[in-house]
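To start, the structure itself, in structure tokens.
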Amino acid sequence: MLDDIPGLGEKRVRTLLRHFGSIKRVKAATLEEIADVSGIGRALATQIHSALQPKETLENNI
Numbered sequence: 009m010l011d012d013i014p015g016l017g018e019k020r021v022r023t024l025l026r027h028f029g030s031i032k033r034v035k036a037a038t039l040e041e042i043a044d045v046s047g048i049g050r051a052l053a054t055q056i057h058s059a060l061q062p063k064e065t066l067e068n069n070i
């Protein structure tokens, strides 16, 4: 799941999992919480957050 996000390599995946503790917690994190992780940044955090949101949630936000 995380491996499919462009710009998110093995090192950043490990960083995210260490920071949040699980993929479930990464999925539950806000955009700001993801962006605050060292080495992620706002642009990549936006990609991660969008990729992990359920499709119907994204459709409701359009």
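Here my numbering is used: the first residue of the sequence shown is 9, the next is one more, and so on. Note that beta-carbon positions come from the ideal geometry of N, C-alpha and C, so glycine has one too. As the structure is a computational prediction, the values presented were derived from the model and not from experiment.
Proximity below 9 Å, CB of residue i to CB of residue j
i: residue 55; j: residue 14; result: yes
i: residue 12; j: residue 53; result: no
i: residue 31; j: residue 16; result: no
Close Cβ partners of residue i (< 8 Å) along its chain, the five nearest in sequence each way excluded
i: residue 48; result: 20, 23, 24, 42, 56
Nonlocal neighbours in the same chain, by C-beta distance under 6 Å from residue i, ignoring five residues either side
i: residue 50; result: 43
i: residue 66; result: Model confidence at residue 66 stands at a pLDDT of 47, short of 50, so the residue's coordinates are unreliable; what they give is reported in the following sentence. Counting only Cβ-Cβ distances below 6 Å, and skipping sequence neighbours, we find nothing.
i: residue 33; result: none
N-terminal and C-terminal residue of the alpha helix (DSSP H) that residue i is part of
i: residue 49; result: 49 to 60
i: residue 21; result: 18 to 28
i: residue 43; result: 39 to 43
i: residue 31; result: 31 to 36
Other residues of its chain near residue i: CB distance less than 7 Å, five sequence neighbours each side excluded
i: residue 37; result: 28
i: residue 39; result: 53, 54, 57
i: residue 45; result: 23, 24, 27
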